[in-house]
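Student: Structure incoming, see below.
In the working numbering, the protein residues as written are 115 to 232.
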């Protein structure tokens, strides 16, 4: 969250993704005055992972300064689904640690699946 750029919403969010290779890729939300052109924390973390050559998410942690349990938004749920599986664990955290653990299937039970679209 420390690297978030949230001057408009004042709602900093951070995310960390553990990829299949074991490395952790972090992200923070980056707002832009031209709404909705900003990026969510999960999106920037996914971008770091993909740019590092990884394509498989094993775990995700999300934390927000002003919300104890901050689940990924709908768009981020679909973006996460693109690189994960139904059993991928999603940790909703606060400054003391993990508060709730969900699966990708819990967050997005009927996602678009890449197998359907080829």
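Glycine included, C-beta positions come from ideal geometry on N, C-alpha and C. No experiment lies behind these values; they were computed from the predicted model shown.
For residue 180, tell me which candidate among 206, 218 and 135 has the shortest Cα-Cα distance.
Tutor: The sequence position of residue 180 within the chain shown is 66, counting from 1. Among 206, 218 and 135, the Cα nearest to that of residue 180 is on 206.
Student: My output table needs one value for residue 184: the three-state DSSP class, helix, strand or coil.
Tutor: Numbered from its first residue, the chain shown carries residue 184 at position 70. In the structure shown, residue 184 sits in coil (DSSP, three-state: anything other than H, G, I, E or B).
Student: Taking 6 Å as the limit between beta carbons, can you name the residues of its chain near residue 198, skipping five residues before and five after?
Tutor: Against the chain shown, residue 198 aligns to sequence position 84. Here the set comprises 171 and 218.
Student: Helix, strand or coil, according to DSSP, for residue 133 in the structure here?
Tutor: Residue numbering aside, residue 133 sits at position 19 when the chain shown is read from its first letter. Residue 133: strand per DSSP, three-state reduction.
Student: Which residue's Cα is closest to the Cα of residue 157: 196, 208 and 211?
Tutor: Residue mapping note: residue 157 aligns to position 43 of the chain shown, counting from 1. Comparing Cα positions, the closest option is 196.
Student: By Cβ distance below 7 Å, which residues in the same chain neighbour residue 135 in space, the five residues on each side in sequence not counted?
Tutor: Here the question's residue 135 lines up with position 21 in the chain shown. Answer for residue 135: 168, listed in chain order.
Student: Following the continuous beta strand (DSSP E) through residue 161, name the residue where it begins and the one where it ends.
Tutor: Against the chain shown, residue 161 aligns to sequence position 47. Taken as a continuous stretch (DSSP letters only), residue 161 belongs to no beta strand (DSSP E), being part of the alpha helix (DSSP H) at 155-165.
Student: Helix, strand or coil for residue 63, going by three-state DSSP, please let me know.
Tutor: Because the chain is modelled from 115 through 232, residue 63 falls outside the range shown and cannot be assessed.
Student: Starting from residue 222, follow the alpha helix (DSSP H) in both directions and report where the run begins and ends.
Tutor: As a working mapping, residue 222 is identified with position 108 in the chain shown. Careful: residue 222 lies outside any alpha helix (DSSP H) and carries neither H nor E.
Student: Label residue 235 either buried or exposed according to how many other C-beta atoms from any shown protein chain fall within 10 Å of its C-beta, with 16 as the threshold for buried.
Tutor: Not covered by the structure: residue 235. The range shown for the chain is 115 to 232.
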